[in-house]
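Residue numbers (this note's numbering): 44 to 160. Glycine residues also receive a C-beta, built at the ideal position from the N, C-alpha and C atoms. Report on the structure given below.
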Amino acid sequence: MARIKGAVTTRKRRNAVLKLAKGYWGGKSRLFKTVKEAVYKSGQYAYISRRLKKRDFRRLWITRISAACKSNGMNYSTFINGLKKANIGLNRKMLSEIAINDAKGFKTLCEQAKAAV
């Protein structure tokens, strides 16, 4: 029986990993051992950053809503509490978009929140 060599499979696997490291600086894009470490680490950073991105956007939306509330004579916590009591189910992303693009609409929301509290 003929002996089967694994060179083709090994090269394919290595080239796949090297392709992921394209654009990395120095040995991190050429030396397989270093490439493996760099690709693994970049995968970890990407995974973490996908979660951090959600936090960062929520923080940004809350800051925008808070600034719009202050210009309407209210603070953020009473505004959100008033919206919940008034059964207005808008998420923070939409509230921040309304605060930026539609000042009159946001003022109406503030008035409804004040009335509910």
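Inset, instruction - Taking only the alpha-carbon atoms, compute the straight-line gap between LEU138 and ALA64 and give it to the nearest angstrom. - result: For the purposes of this step, residue 138 is taken as the residue at position 95 of the sequence shown. For the purposes of this step, residue 64 is taken as the residue at position 21 of the sequence shown. LEU138 and ALA64: Cα-Cα distance of roughly 40 Å.
Inset, instruction - Within 10 angstroms of the Cβ of ILE47, are there 16 or more other Cβ atoms? Answer buried if so, exposed if not. - result: As a first step, residue 47 must be located in the sequence shown, where it is residue number 4. ILE47 should be labelled exposed.
Legend entry - Cβ contact (3+ pairs, closer than 8 Å) linking the segment 120–133 and the segment 146–157: yes
Inset, instruction - Counting only runs of 4+ residues fully inside the segment 46–119, write out the alpha helix (DSSP H) ranges in chain order. - result: 50–63, 75–114
Inset, instruction - Give the range of the alpha helix (DSSP H) segment to which ALA129 is assigned. - result: Translated into positions along the sequence shown, residue 129 becomes position 86. Note, ALA129: premise wrong, no alpha helix (DSSP H); not H, not E.
Legend entry - Cβ-Cβ distance between ALA187 and ALA111 below 7 Å: This structure does not reach residue 187, given that the chain is present from 44 up to 160, and the question cannot be answered.
Inset, instruction - Consult DSSP for LYS137 and reduce its assignment to one of helix, strand or coil. - result: Translated into the one-based positions of the sequence shown, residue 137 becomes position 94. Lys is not the amino acid found at residue 137; the sequence shown has Met there. MET137 falls in the helix class under three-state DSSP.
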